[in-house]
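Taken in sequence, the protein lines are chains A and B.
Each residue of the first sequence is one higher than the one before, starting from 19 at the first, in my numbering.
Each residue of the second sequence is one higher than the one before, starting from 6 at the first, in my numbering.
For every residue, glycine included, the Cβ atom is placed at its ideal position computed from N, Cα and C.
Here is the structure we will look at, set down as structure tokens.
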Amino acid sequence: MSNATRSRIPISFSASSVLQFLGAIASFLAAWVLPLNFPEFGGNTSTILNIVGAAFLLIGIVNLFVGQRIVAMMQRAGMRSRVLLPREGIVYLGVMLMLAVAALLGHSNMLLLVFGMMAGPFVLNGWVVILMLQKVAVTRDAPESVSAGAVFSVQMTLSNGKRLMSSRLIEVRDVIEGSQVREEAEITFVRVPPRSVRTGSYQLQIRKRGIYRLGPIRVSSRFPLGIGERGMVVNDRTELIVHPAIGRLNPRWMKREREYAESINKSTSRRGIFDDEFHRIREFRTGDNPRSIHWRSSARRGMLLMREFEQQRESDMVVLLDLFDSQKLSFEESERAISLAATLCVEQTRRGSTGLFRLIIAGETVSSVQCPGASRFREAALNSLAITKTSPKASLELLFDSAEEDGGHGSERYLLITPRAGEAKELLANRTGSSSSRMGSILSRTTIIDAHREQLDEVFTLSEDDQ
Amino acid sequence: MTSPGKQRKSSDERLRSAFHRSIMLTACFSACILCGAEGALLPSGLTPVIAVVAWLFVEELKVFRLPILLANTLGIVALVAAAWEFVSGDIESKLLSGGHLIVYLTWIVLLLQKSMRQYWWTVTLCLLQLAVAAVLTSHSGFGSALIGMLFMLIWTLSLFSFYRVLRSEDTVEEATSDVRGNSATLAAGSGADSSGAAESLTGKPSSNASWRSGLRSWWSWLPWKKKSSRPSTAVARLIVVTDGLQRDTDEHWMSLRFRGMVFLSFLVSLCLSFIVFTAFPRMWVPGSPFTSGGHEEGPGRRGIFHRTGFTESVQLGEIGKLLTSNGRVFQFEIADARTNKPVNVDIFTAAMNLDEIRFRGNAMGTYKDGKWSRGLDERRVRFGERESPVSEKDMADYRVRVIQDPPVSQFAFAVFPIKNARAAPGSGSILQREVTGSLIWASGAAIDQNAPREFTFECDRALSAVKGGFEHWQVPSMLGEELRIRMLRYIDRYATHFFITDHLQRSVPRLYNIAHEICPTTNGMPLPEIDRVNRVMAYLSPENGFRYSLTLTREDQSIDPVEDFLMNTKAGHCEYFASACTLLLQSAGVPARLVNGFSGSELNSVTGRNEVKQHHSHTWVEAWVDGNWLTLDPVPASDRQQAVSSVQSRNLLTDLSTAFNDLWNGGIHNMTLERQKAFFNPVLELGTSVKDNVEKQGLWEATKAFFRHLFTSPRNLFSVSGGVVTFVLLLFGAGLYQLHPIRRLLSLLQMLRRRFSHEAVVTKSVIRFYERFQQLCTTYGITFTDSSTALENASSATRFLHSRLGESELVTVPMRIASAFNRVRFGHETLDEQSMSVIARELDALEQALRNSTTDHS
């Protein structure tokens, strides 16, 4: 919570608090006037009415200050409906109250007539808003995960189960809540005919990775006059994972990296006849190697079919992300570093569906993501990157240990993103010299990217930089 | 053919235009109501002009808008002007200053470029104008205007709800990639955030409301306060939300359905408004400084208004002002005192020896400088204090109930001679003056001076035995003859003392001479009183050139107006004739007094009550002749009748208008706690009676007795009790229906009813043949899937039978059964007995054939 809001006392003018104040005023007024008009109401009547008025006043004040918390508790307890007074309704009610008091003081039936004229629509509005939400159901259809900065839609489906009456001007508000940030999106359904379903959507763009919660959904209506509102809370909550923003790798850097990768000698065991990656199945052509015939597919199709391979020149790449909370590193730079890691993971999975995909992150603890399939790895890596945090306890030693423990064929390339490039280089050099290290000439196989803005900009570009 | 997009745009434009027009009309309408209530054209009369200008140039053409700075300045000027009016004026000006401030603010808001806030302020200011108008007027037209205003309010607010959505749609379209004002923000360059989460610098007021932000919010809501929309350049947005709007392409904002709904809302609101107004307890705060002290006039008579011409003293000619007015003064009903049945006015007047029904007011015997006055201070006798029931013997013949409209005159007008008079509860009490016999209202502090007053008087045929007069000062018959004569002499002297003006010879010498010319003395002895009366009456007849006229002229300003009437103009209304007659009689030595009141009445065809209006005002003469007050009317009757008829404008519309005014005055303007009690009394009595019965008889017995009483006679059923019971039962039924267990029970009952209903049983028995067919097929290895139809099943059965039975006739049986099943199941046909037996035989044959074929195979 910011300093600006910490010292404030939250108040909420709900319909119940307003009614409680009105009840208090009515009780005090009755305590004064009733014995004067009806002598039979003498004795303790005034005292009782004053006590009732004081009780109303106390409840109203409590409701004013902690009403929102009570409502939240009631919602959790399953009491999900609430009548609210919008600002227009409070003004309207205020004018009505003023007229009623003036009429009683001035003995004026004319003022009471105007009061009655205003009270009729007020009561009608309260009645209709209750009818509007009867037999109304709402569901949400939202993606499970999105990239930060991407614009996406969340669909809301509203069904009106009433037999005869349309539901008009139904406002559906969805809460989007992250850590210390809360926002509301709104869809207005102009008219949902009886026994019908309508689908609307709102657009959302979340620019910061993390886990966000959608819901609860609040359905409300002020129709027809807008001076009273009834709300209904649907406890439909779901989680939305916002992955780090995916950028574009710099072509020059990519070319350099590819050349560097090809130069690394791989000593892996043979997985296929050409040690290349399977590409597709095609028809047999004269001159093809018979050993490449895919007999099962050929038998099924009644014709010879060949397995085609593509040469895999690049070596496997392991992305190492050091999220050390450095004083020199700004928040934005650390976010860019995470985005670079995400971009590298996505780029890696885009190029090939087989091979070794690994991501190791050093934050509060060291976590490793390693999956055999490209799509599974991409999902797991992005999910990890979505929730990871910088930490002053992030350890390069542990990061490299983890890289060693996870093993490999010894020809992997390591791509280390760190705010402490010098320290990392030194540490790697030390480890290379150490006989206990299994990583061999790790230093020669590691590309270190400094997590500062200038260095990051050389490697990749985020879409927001283009804007 | 227009595309859906264009239709939608056109519908949007129509809504915008209609909403702007509606706001303009609401402002105009409320201003007109205030203008009418205030009775002055300015300043509220200027509002319609400004509203139209604002609508045209600000809303439609968008060529002008009041700058915020200027609006604020004008707001301060308006405040100063209202304060000046409040300080410098009288009480009325103080009240009006508030109203005028509202009018000035309405002008300013109308000329601003409006957002939702300003539109809502316009509506609120219109409502406040109505409140001010309510303080200023109590005219029934205000009620009609309020009904119109209610419709305008509902229509405008309904459009407002749509307009709000339309504006938000515009915002969505304009800024798909733009940011809402309430979006959360991320501090750029705020340094590393170890939590990895952004700091929200601004949030929605609703989620983080506070005293200060609340106050700021309210301040920013003022109509002339510019909304701060300064975007923060130092922050980058974290979550960008673009709200959605779901709207069918063929959906029109102001469809016929919507208009119908608004009209229905208006009708329901009207009923609800009436219920709220009626049920609101009139527990007025006593001793409030805001209540008016009373429009007091007259010498110390608190709470009594005075009608022109019906005061303690009357200037000659004052009655003439009333003779052209059609306003009602009071209404009355005559009933037989014994049977309580209504009596016609003509029957009543005939029975009471009257030429025309005549309600007597004040009687005056002293004339000076064109002004009549009572000239004496009388003792008053209170009527209606007898609490013991009136015996049949003492009962009068007729009872007349009079309801005097406000402002109530101090006189209670009654047909003389009267036997008794009694004021209705809440109307105070009636007094009778001892000498003049006039009935007057006793004033009381608790009596509402704006309310009508009701009283009842009784008349007896026996008292009006003297034709054209009445015996006011009765001499007790048990007195001896000598004493009786002495008493009569005393009364004569009393009448002469009070009802012959002193120094007439000096103040109206010409009139005095005329009187003596008409009634000369014979040998120093005056003529008998009755002769003098007849001569005076004959002198004022049309034969001598006197005529009735409402157009008054003076020929000689130097002489007394009555002398001018007698000698020069010889034309005037009843007051001149009666004044001349009274003064001539007094000059001739006959005690006489001028009496004012009302003569004649009209029947309202809507209310069924007789009404007396101001043009029925009349002045006549009472002369003391032979121990009786003789009623004399010197006005030519036909001339007066003609004049009265020319003022009357009776038709159904005026009757309806009068009835509406009565309803307004009785049910709305003068609604009191007593009236409310009377209104709700039947219901309260019913509740009390039910409670008592339950206590006495027990719940079950009391319920049985109550319903027996209710349903044994249609009259009981269609009474208040019946209505209340029906309402409670309906409410109870609706409540039960809303409960889920009851609804489940009902649906279960419906299901059972369907299952066991005759039709269902028949259908089920009829399609049993198909079930048998299915069982048969299953027995012989033919399986049917749930999704296959009867014909599909029959087709597969046919193939099977063909393989088992060859070219047998029975192979076609499945198709016939499927066809019959479809007719029964979906065509809702009922198979007759013959068809049923044919199918049963075919199924038997098929079963036999299949059994045989199985035996052969084995």
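Query, Result
"Under 8 Å between beta-carbons, which chain A residues line up against Ile113(B)? List them in chain order, please.", "Those do not exist, as Ile113(B) stays about 18 Å from chain A at its closest Cβ, beyond 8 Å."
"Taking a Cβ distance cut-off of 8 Å, strictly less, list which residues of the segment 263–275 of chain B are near chain A, in chain order.", "Met266, Val267, Ser270, Val273, Ser274 and Leu275"
"Pull up the CB-CB distance for Arg354(A) and Leu222(A), whole angstroms please, since I reckon it's below 8 Å.", "Not confirmed; about 22 Å, so no contact."
"With a threshold of 7 Å on Cβ separation, who are the neighbours of Arg343(B) within its own chain once the five nearest residues in sequence on each side are excluded?", "Met400"
"Which bits of chain A does Gly146(B) rub up against, with CB to CB less than 8 Å?", "Per Cβ cutoff of 8 Å: no residues; Gly146(B) is ~12 Å from chain A at best."
"Measuring CB to CB, does Thr129(B) end up less than 8 Å from Val109(A)?", "yes"
"Between the Cα of Val140(B) and the Cα atoms of Thr659(B), Leu101(B), His620(B) and Cys464(B), which residue gives the shortest distance?", "Leu101(B)"
"Can you tell me where the beta strand (DSSP E) holding Val430(B) begins and where it ends?", "Position check: residue 430(B) holds Pro in this sequence, whereas Val was assumed. First-last for Pro430(B): undefined, no H or E at that position."
"Over what stretch of residues does the beta strand (DSSP E) that includes Gly196(A) continue unbroken?", "Ser185 to Gly196"
"Applying a beta-carbon distance threshold of less than 7 Å, which residues of chain B neighbour Phe486(A)?", "This structure cannot speak to residue 486(A), because chain A is shown only from 19 to 485."
"At the 8 Å Cβ level, is Phe282(B) part of the contact set with chain A, yes or no?", "yes"
"State yes or no: is the beta carbon of Leu37(A) nearer than 8 Å to at least one beta carbon in chain B?", "no"
"Can you give the Cα-Cα distance for Val284(B) and Gly740(B), rounded to whole angstroms?", "The residue asked about is misnamed: residue 284(B) is Ala in this sequence, not Val. Going by the C-alpha atoms only, they are around 24 Å apart."
"Any C-beta of chain A sitting closer than 8 Å to the C-beta of Leu658(B)?", "no"
"Below 8 Å, how does it come out for the segment 333–347 of chain B and the segment 576–596 of chain B: are there three or more Cβ pairs, yes or no?", "no"
"I'd like to know if Ser486(A) contacts chain B, where contact means its C-beta is closer than 8 Å to some C-beta of that chain.", "Chain A is shown from 19 up to 485; residue 486(A) falls before or after that span and cannot be answered."
"Entirely within the segment 384–459 of chain A and at least 3 residues each: give me those beta strand (DSSP E) ranges in chain order.", "384–389 and 431–436"
"If we count the other Cβ atoms within 10 Å of its Cβ and call it buried at 16 or more, is Phe69(B) buried or exposed?", "exposed"
"Between Val57(B) and chain A, is any beta-carbon pair separated by less than 8 Å?", "no"
"Report yes or no: is there a C-beta of chain A within less than 8 Å of the C-beta of Leu20(B)?", "no"
"Please list the partners that Ser126(A) has in chain B, where partner means a Cβ-to-Cβ separation under 8 Å.", "Ala139 and Val140"
"In this structure, how does DSSP classify His312(A) when only helix, strand and coil are distinguished?", "coil"
"From the DSSP output, read off the bridge partner residues of Trp446(B).", "Ile435(B)"
"Classify Ala214(B) as buried or exposed, calling it buried when 16 or more other Cβ atoms lie within 10 Å of its own Cβ.", "Low local confidence applies: a pLDDT of 38 at Ala214(B) is under 50, so the model's placement there is unreliable, with the coordinate-based value given in what follows. With 16 or more Cβ atoms within 10 Å of its Cβ, Ala214(B) is classed as buried."
"Quick one: Cα of Val290(B) to Cα of Ala467(B), how far?", "49 Å"
"Does any residue of chain B bring its CB to less than 8 Å from the CB of Ile224(A)?", "yes"
"For Arg438(A), collect the residues of the same chain with a Cβ closer than 8 Å to its Cβ; drop the 5 residues on either side in sequence, then sort them by chain order.", "Asp340, Phe342, Ser344 and Leu414"
"In whole angstroms, give me the CA-to-CA distance for Leu493(B) and Thr636(B).", "20 Å"
"Give a yes or no on whether the minimum CB-CB distance between Arg216(A) and chain B is below 8 Å.", "yes"
"I need the boundaries of the beta strand (DSSP E) containing Asn358(B), first residue and last residue.", "Looking at the DSSP string, Asn358(B) is not in any beta strand (DSSP E), and its letter there is neither H nor E."
"Using a Cβ-Cβ cut-off of 8 Å, state whether Ile194(A) counts as contacting chain B.", "yes"
"Does the CB of Glu204(A) have a neighbour CB from chain B at under 8 Å?", "yes"
"So for Val132(A), helix, strand or coil by DSSP?", "helix"
"Taking only beta-carbon atoms, is Glu65(B) less than 8 Å away from chain A?", "no"
"Taking the alpha-carbon positions, what's the Leu220(B) to Phe83(A) distance?", "Its pLDDT being 44, under 50, Leu220(B) is placed unreliably in this model, and the value from its coordinates should be taken loosely. Straight-line Cα distance between these residues: approximately 15 Å."
"So what does DSSP say about Arg298(A), is it helix, strand or coil?", "strand"
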